[in-house]
Amino acid sequence: MEQTKKRIFSGIQPSGDLSLGNYIGAIKNWVNLQDDYECLYCIVDMHAITVRQTPADLRRRTLEVLMQYLAAGVDPEKSCVFIQSHASTHAELSWVLSCNTQMGELSRMTQFKEKSKKHEDNINAGLFTYPILMAADILAYQADLVPVGHDQLQHVELARDIANRFNHFYGDTLTVPEAYIPKVGKRIMSLQTPEMKMSKSDPNPNGFVRLLDDPDTIMRKFKRAVTDSDNVIKASPEKPGVTNLLSIYSAVTNKTMEESEREFDGKGYGDFKLAVGEAVVSALKPLQTEFDRLSKDKAYVEAVYKKGAEMANYLSNRTLRKVYKKIGFIAK
Ligand code: TRP
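Below, the structure is given as structure tokens:
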């Protein structure tokens with residue numbers, strides 16, 4: 002990888018099965034960015050353990066997430082695909098950045114406040130310092146752009162603050178990253194509570210569609226999707242359920258919202274939900290077929306993450322060495 006194109010870093014936690022929200026909001030865009038940017042796509046297993054995980058599930062999910070990246074079109078010949086814990090530089094840089102982050106900055110993080118309410122019995126220090134590890138992920142690669150959902154903007158902002166502070170004290174060392182909110186790929190909301198984002202950790206399984214759900218399950222979830230009572234298929238803030246279905250339809254068929262609205266003009270909700278379900282089933286079909294193929298090719302999958310780890314270690318060690326030198330550590 003020669004640094005001529007701008008660099009992109011993003012990651013997803015292997016803490017649940019990937020949802021349609023992850024696909025439309027993140028992975029589908031990652032695929033499109035691969036030609037114009039130098040991309041690193043990570044499976045952030047170290048972030049996942051801030052919440053208690055069953056080891057066997059974590060192991061399985063990490064590989065499943067990797068295979069879903071590949072099945073969706075992330076190309077390991079173009080992009081660096083790797084597992085976070087395979088590059089020890091993230092933890093090492095994280096320590097240095099911890100010493101350049103204030104307690105007050107971390108305690109303002111909305112996600113920390115939410116997660117500590119949700120996991121009252123396990124408010125561990127890692128949950129608190131989570132955004133520092135995320136800053137390390139990004140800064141270790143001198144990433145220019147970080148594609149994230151709205152819920153992660155505050156963390157990217159903190160990564161910027163940390164980079165600026167480091168550069169201020171030690172001289173220009175770290176690229177100050179910018180959040181990248183893709184134009185296409187609206188926020189995908191829960192099918193049951195369309196005021197909330199679709200989440201792979203939603204306790205209500207009807208709220209989200211898994212990328213690996215079979216066609217019947219997908220159709221059932223769309224048939225049960227919450228709408229409203231006025232039977233008009235139009236996007237509007239007062240119609241979160243219908244708007245969400247229109248966004249999903251537009252995203253998977255690559256149509257604009259206006260085109261989709263026109264297509265369903267005068268139709269009933271029943272037909273509309275079926276059409277959205279069918280569009281999702283057929284959009285996910287090639288991904289699912291490729292996932293099945295990859296599941297039977299362990300050697301290939303292993304080769305991908307090993308090659309990714311090598312590249313990730315090479316790139317991030319360059320940054321880490323610079324950082325260590327700047328702060329006054331003796332070179333090995
Ligand atoms: N915190 C992100 C999330 O939960 C995942 C993540 C970890 C990430 N490190 C990152 C995203 C670096 C972008 C860049 O969605």
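Using my numbering, the letters of the sequence shown correspond one by one to residues 2 to 333. We treat Cβ as the ideally placed atom computed from N, Cα and C, and that holds for glycine.
- Within the stretch 107-193, the runs of alpha helix (DSSP H) at least 4 residues long that lie entirely inside it are, in chain order, 111-119, 126-140 and 154-171.
- Looking at the DSSP output, Gly12 sits in a beta bridge with Cys43.
- If you ignore the 5 residues before and after Leu41, its C-beta comes within less than 6 Å of the C-beta of Phe10, Cys81 and Tyr142, all in its own chain and listed in chain order.
- Look at Lys307 here: in three-state DSSP terms it is helix.
- Judged by their CB atoms, Met312 and Phe83 are nearer to each other than the 9 Å cut-off.
- Within the same chain, Met68 come within 7 Å of Ser296 by CB-CB distance, once the 5 residues on both sides are set aside.
- Note that the stretch 308-325 does not touch the stretch 145-154; fewer than 3 beta-carbon pairs, one per stretch, sit closer than 8 Å.
- Taking a contact as a CB-CB distance under 8 Å, the pair Ile25 and Ala252 counts as one, their CB atoms being some 4 Å apart.
- In the DSSP assignment, no residue is bridged to Ile25.
- The straight-line gap separating the alpha-carbon atoms of Pro287 and Asp293 is approximately 10 Å.
- Taken from the Cβ of Gln153, at least one heavy atom of the ligand TRP lies inside 8 Å.
- Following the DSSP letters along the chain, one finds Phe273 inside the alpha helix (DSSP H) bounded by residues Tyr270 to Ser296.
- The beta-carbon distance between Glu262 and Ile234, rounded to whole angstroms, is 6 Å. This is short enough to meet the 8 Å contact definition.
- Between the alpha carbons of Leu19 and Arg60 lies a distance of about 15 Å.
- The beta strand (DSSP E) runs lying completely inside the stretch 29-92 and spanning 3 residues or more are 39-44 and 81-84, given in chain order.
- Taking C-beta atoms under 8 Å as the contact rule, Leu321 and Glu115 fail to qualify, at a distance of about 31 Å.
- The beta-bridge partner set that DSSP reports for Arg221 is empty.
- Note that the C-beta distance between Thr228 and Gly242 is below 9 Å.
- Ranking Leu213, Gly269 and Gly329 by CA distance to the CA of Val282 puts Leu213 first.
- The DSSP-derived three-state label of Ser99 is helix.
- With a contact defined as Cβ atoms closer than 8 Å, Ile13 and Val52 miss out at about 14 Å.
- Counting other Cβ atoms within 10 Å of its Cβ, Asn245 reaches 16 or more and is therefore classed as buried.
- Between Ile328 and the set Lys224, Lys299, Leu98 and Lys29, the nearest pair of CA atoms involves Leu98.
- From the listed residues Leu71, Ser108, Ala57 and Gly17, the smallest Cα separation to Val302 is found for Leu71.
- Under DSSP, Lys198 forms a beta bridge with Met190.
- Between Pro178 and Arg161, the CB-CB gap stays under 9 Å.
- With a cutoff of 8 Å, Cys40 does not count as near the ligand TRP, since its C-beta is closer than that to no heavy atom of the ligand.
- For Ile249, the enclosing alpha helix (DSSP H) stretches over residues Pro241 to Thr254.
- Counting C-beta atoms within 10 angstroms of its own C-beta, Lys222 has 16 or more neighbours from the protein chains shown and is therefore classed as buried.
- Set against 8 Å, the gap from the CB of Gln69 to the closest heavy atom of the ligand TRP is not smaller.
- In this structure, Ser89 sits away from Ala137, with a CB-CB distance that is not shorter than 9 Å.
- As the crow flies, the alpha-carbon of Thr194 is around 12 Å from that of Lys240.
- Cα atoms of Arg166 and His87: separation of roughly 28 Å, rounded to the nearest angstrom.
- No Cβ-Cβ contact shorter than 9 Å links Ser108 with Arg62.
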